[in-house]
Amino acid sequence: MAAALEILFTASFWVAAVRIASPLIFATLGELICERAGVLNLGIEGIMVAGAFAGWITVYSGGDLWTGVAVAALTGAAFGLLHGLLTVPLGLSQHVTGIGITLLATSLTYYTYRLALPEVTSPPKIEAFRPLEIPVLSDLPLIGPALFAQTPFTYLAFVAAALVAWLLYRTPLGLALRAAGENPDALEAQGLSVTAIRMGAVAAGSALMAVGGAFLTMSAFNSFFFEMVNGRGWVCIALVVFGSWRPGKALLGAILFGAFDAYQVRLQGVVGDAVPYQVFLMLPYVLSILALVAVSRRASYPRALMVPYRKGER
Amino acid sequence: MTGAAAAPVVLRLEGVTKRFGPLTANDAISFALRRGEVVALLGENGAGKTTLMSILFGHYLADAGRVAVEGRPLPPGDTRAALAAGLAMVHQHFTLADSMSVLENIALGTQPLWSPRLDRGRALKRIREMSADFGLEVDPAARIADLSVGERQRVEILKALYREARVLILDEPTAVLTPQESEALFATLRRLVARGLAIIFISHKLGEVMAVSDRVLVLRAGRLVGERATAETDRHALAELMVGAEIARPDIGPAQPGPALVEMKGVTVGGLGPIDLTLRGGEITGIAGVSGNGQAALAEVLSGTLAPEAGTLAIEGRAAGAWSPRAALASGIARVPEDRHGVGVIGDMSVTENLVAEAYRAPAFSRRGWMKRPAARDFARRVIRDYEVKCSGPEAPARLLSGGNMQKLILGRALDGAPRIILASQPTRGLDVGAVAYVHARLLEARARGAAVLLISEDLDEIMALSDRIHVISRGRLSPASARGELSIREIGARMAGLGFDHAA
Ligand SMILES: Nc1ncnc2c1ncn2[C@@H]1O[C@H](COP(=O)(O)OP(=O)(O)OP(=O)(O)O)[C@@H](O)[C@H]1O
Ligand SMILES: [Mg+2]
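Chains A and B, in that order, give the protein sequences. Heads up, the first sequence is in the working numbering, so the first residue is 3 and it goes up one at a time. Heads up, the second sequence is in the working numbering, so the first residue is 39 and it goes up one at a time.
Here you go:
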């Protein structure tokens with residue numbers, strides 16, 4: 003029992019928690035932006051796969067790391083525009099389209115992978131982002147290494163959360179975006195285009211999802227292999243609800259999930275094989291569901307979420 | 039208000055035409071609006087008033103015609119251009135984001151989208167100034183969801199003023215206001231006109247039109263059929279112009295009270311009660327009062343959506359057991375709900391489906407659980423004809439109907455089939471004078487055949503004209519009944535303000 007508790011006081015546990023959380027932070031922010039504008043984006047899982055591959059292949063073929071991030075973002079934005087086109091001006095079902103985007107992005111990625119590397123059996127590694135220790139701060143106990151001895155990609159995740167929060171609550175654009183998800187009529191009555199705002203939000207949100215995917219290949223596993231995203235996209239959908247559609251709370255939710263995940267790995271070591279290891283793998287998901295149930299009953303979702311808007315109709 | 043004949047023209051429409059399929063909603067409409075005047079736009083339900091204003095505002099695209107603001111042509115179908123030219127509109131159904139604050143709703147879209155910072159400080163200062171200047175009191179930090187209807191309307195007007203509108207369009211602004219709120223609105227309008235704004239005011243209430251407007255335009259079936267200076271006309275002439283015929287006042291015979299069909303004793307629920315109320319067959323019982331004093335709870339108890347927390351409810355002498363909407367319908371209670379968008383109709387369903395929504399189990403419309411479509415459609419055709427519901431046919435989606443026509447649809451559903459007990463909440467809100475007369479006639483008909491009618495209305499004239507017995511409701515309590523003609527309108531007004539109630543108890 004004591005050993006199980008001690009895990010919580012090791013620096014490596016907190017470092018791992020934040021690292022596991024980083025891709026989730028990006029993708030959750032991306033989903034949050036889409037949903038705040040009124041569009042559910044179930045393309046998230048596939049877009050993360052595409053982003054993971056796009057970033058990795060850029061670096062593998064000689065590109066610079068930040069170029070890889072940018073290429074991933076552009077790839078995500080392209081899928082986002084497709085999802086936006088189908089669901090916003092054409093008003094198709096957001097669920098069905100989103101699942102379609104996930105299938106399309108996943109299979110296109112594997113196809114491109116096979117085309118680019120026909121011979122490869124074990125996925126080649128790339129020179130990924132390295133940890134960047136921030137002097138003084140990284141010497142703080144526990145949270146020092148967790149927050150200030152990560153890769154620049156992780157720092158970017160925190161910056162992104164702050165920027166999204168600023169955008170949503172402090173800028174005219176954010177106001178318009180929230181209105182698009184609350185009452186599109188209010189937006190249109192003030193002379194703004196619901197279509198433009200929603201399309202923009204879905205493209206930008208999808209870019210963030212793809213960057214989240216790229217984190218996996220460029221700052222965690224350092225190579226690309228199939229099934230690496232492994233349901234992280236779906237976790238982010240739940241994290242948006244858990245965070246009541248607020249960037250700050252969503253960030254905390256992602257770190258909480260990262261902590262559950264890092265904890266279960268270490269707990270396996272302590273408990274040994276008295277309990278089947280699958281139980282531990284399940285743990286973060288079970289805890290997430292419980293947290294979701296506890297938190298989200300009061301959550302107020304965007305009123306116009308999943309409601310298509312057609313101009314000139316009542 | 040002051041005459042403005044010499045003032046410059048701010049808005050000019052020429053030959054504006056709009057068709058929806060076979061229906062011509064606006065037919066070659068031309069008129070001019072001058073600085074500092076209030077023009078009232080009158081017309082029956084479905085005459086095309088809202089459509090015309092939506093064209094001005096760029097929400098609908100006209101099939102023909104031109105609009106010019108201060109001499110410059112307005113590009114069609116472009117809301118942003120309309121706003122920039124100084125047009126602003128308070129819609130029949132408000133366009134506010136409920137979970138956002140007053141300030142956010144007002145500031146929405148007023149700054150370039152890409153500016154790095156929303157200037158809350160400046161917005162706050164301007165909103166405070168405007169509130170004070172025009173008597174539009176509202177807390178800029180409050181969430182819209184927490185505001186009353188009257189306050190929401192003030193926010194809509196502030197939105198217009200914040201953009202320095204020169205033409206303000208108000209689509210049935212008083213339909214949802216209490217009489218006091220309407221008075222406050224008129225005071226604000228007077229101040230606005232004094233500052234040189236021009237106002238287009240849509241209303242079915244002729245008294246209001248006479249009080250606030252300088253000029254009246256009358257639309258009938260999409261055409262502009264008349265224009266009058268308000269000072270040179272009167273209510274009767276306007277009503278005639280609107281419906282094309284004189285409206286006869288209903289003549290009301292003496293009541294022939296029958297047995298008590300509904301008896302409430304000590305009924306308490308939420309903020310209502312304890313109240314005692316008896317509804318007799320062959321009588322119309324009126325509930326007068328400013329809305330928000332318990333009318334909604336009273337209506338909900340009778341229609342079965344709320345069960346009484348204490349006290350007894352008996353229908354035709356039998357105690358009502360498990361009380362639910364279906365039980366209420368089964369005991370012959372027909373209702374005309376107050377909130378026609380929320381509860382009254384389902385927008386995406388057709389007129390027919392809406393009409394049979396409460397009666398789909400009745401043998402007339404179903405056989406062993408299957409719906410009899412042809413029977414339902416015939417019923418829909420009859421309601422459309424009898425109640426003059428203007429729509430493209432029984433299959434039209436209900437959301438395409440004009441506000442007043444939706445109300446007629448609900449009435450048709452409620453009153454058809456000779457119900458024994460009728461609950462009518464604000465049955466004529468938003469209806470034109472012709473339709474109001476028709477509804478009143480129908481309620482009196484029900485009374486004549488022995489039905490018990492509960493009429494809940496804020497319109498004192500309506501209550502006084504129809505009710506055989508009048509209760510005043512105030513803060514959830516009912517006054518004792520007064521018989522027809524027993525109290526004057528002033529005495530009832532005093533009771534509405536809470537006089538004669540024992541609220542301390
Ligand atoms: N988008 C639309 N599609 C089809 N028909 C429409 C549409 N919008 C309005 N109409 C029809 O046009 C006619 C005019 O409607 P409008 O809303 O302008 O009436 P109104 O004068 O405002 O009536 P009310 O007093 O009841 O509000 C109605 O018959 C209505 O059913
Ligand atoms: Mg209208």
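We treat Cβ as the ideally placed atom computed from N, Cα and C, and that holds for glycine. Note that the structure is predicted; figures quoted are calculated from it, not measured.
For arginine 110 of chain B, the nearest beta carbon of chain A is not closer than 8 angstroms to its own beta carbon. Annotation: Cβ neighbours of proline 154 of chain B in chain A (cutoff 8 angstroms, chain order): Thr173. By the criterion of at least three beta-carbon pairs nearer than 8 angstroms, the stretch 130-146 of chain B is in contact with the stretch 156-175 of chain B.
Residue-level contact check: serine 137 of chain B touches chain A, since one or more beta carbons of chain A fall below 8 angstroms from its beta carbon.
By the Cβ neighbour-count rule, leucine 439 of chain B is buried, with 16 or more other Cβ atoms within 10 Å of its own.
Comparing alpha-carbon positions, the option among B:Arg155, B:Ala326, B:Val389 and B:Ala225 lying closest to alanine 532 of chain B turns out to be B:Ala326.
Between the alpha carbons of arginine 411 of chain B and methionine 444 of chain B lies a distance of about 21 angstroms. Within its own chain, the residues whose Cβ lies closer than 7 angstroms to the Cβ of alanine 54 of chain A, once the five positions on either side in sequence are excluded, are Gly215, Ala216, Leu218, Thr219, Phe226, Met230 and Val231, listed in chain order. The stretch 110-126 of chain B makes contact with the stretch 187-201 of chain A; the number of CB pairs closer than 8 angstroms reaches 3 or more. Contact between leucine 174 of chain B and isoleucine 195 of chain B holds: their C-beta atoms lie close to 6 angstroms from each other, under 8 angstroms.
When beta bridges are read from the DSSP output, tryptophan 68 of chain A appears opposite no residue.
When C-beta distances to chain B are compared with 8 angstroms, the residues of the stretch 182-199 of chain A below that value are Glu184, Asn185, Asp187, Ala188, Leu189, Glu190, Ala191, Gln192, Gly193 and Leu194, in chain order.
Judged by DSSP secondary structure, glutamate 301 of chain B falls within the beta strand (DSSP E) whose first and last residues are 298-307. In this structure, DSSP gives leucine 255 of chain B an extended state, which the three-state scheme calls strand. Taking a beta-carbon distance threshold of 8 angstroms, serine 302 of chain A counts as an interface residue toward chain B. If you draw a straight line from the Cα of asparagine 392 of chain B to the Cα of valine 383 of chain B, it comes to about 6 angstroms.
With 16 or more other CB atoms across the displayed protein chains lying within 10 angstroms of its CB, valine 77 of chain B is buried.
When C-beta atoms of the stretch 118-135 of chain A are compared with those of the stretch 5-16 of chain A, fewer than three pairs fall below 8 angstroms, so the two segments do not count as touching. Contact of threonine 133 of chain B with chain A is assigned, a C-beta pair being separated by under 8 angstroms.
Between glutamate 52 of chain B and chain A, the shortest Cβ-Cβ separation is not below 8 angstroms. The beta carbon of glycine 441 of chain B sits closer than 7 angstroms to at least one heavy atom of ligand 2. Against proline 150 of chain B, the close residues of chain A are Pro174, in the order they occur along the chain (beta-carbon pairs closer than 8 angstroms). By a beta-carbon distance limit of 8 angstroms, valine 237 of chain A contacts leucine 26 of chain A. Their separation comes to about 6 angstroms. Rounded to whole angstroms, the separation of the alpha carbons of arginine 513 of chain B and arginine 507 of chain B is 20 angstroms. Here DSSP, grouped into helix, strand and coil, assigns isoleucine 136 of chain A to coil. Taking 4 residues as the shortest admissible run, the stretch 3-52 of chain A contains the following complete alpha helix (DSSP H) segments, listed from N- to C-terminal end: 4-8 and 13-38. About 6 angstroms separates the beta carbon of valine 427 of chain B from that of leucine 447 of chain B, a gap short enough to meet the 8 angstroms contact definition. The beta carbon of alanine 269 of chain B sits closer than 7 angstroms to none of the beta carbons in its chain outside the five residues before and after it. For threonine 117 of chain B, the closest Cβ of chain A is nearer than 8 angstroms.
The distance from the Cβ of glycine 488 of chain B to that of glycine 296 of chain B is about 5 angstroms, consistent with a contact at the 8 angstroms cut-off. In this structure, the CA atom of tyrosine 476 of chain B is about 10 angstroms from the CA atom of glutamate 483 of chain B. The three-state secondary structure of isoleucine 384 of chain B, taken from DSSP, is coil. Here leucine 210 of chain A is near alanine 162 of chain A, since their CB atoms are less than 8 angstroms apart.
Taking 8 angstroms as the cut-off, the beta carbon of glycine 57 of chain A is found no closer than this to the beta carbon of valine 41 of chain A. Using a Cβ-Cβ cut-off of 8 angstroms, leucine 210 of chain A does not count as an interface residue toward chain B, since no Cβ of chain B sits closer than that to its own.
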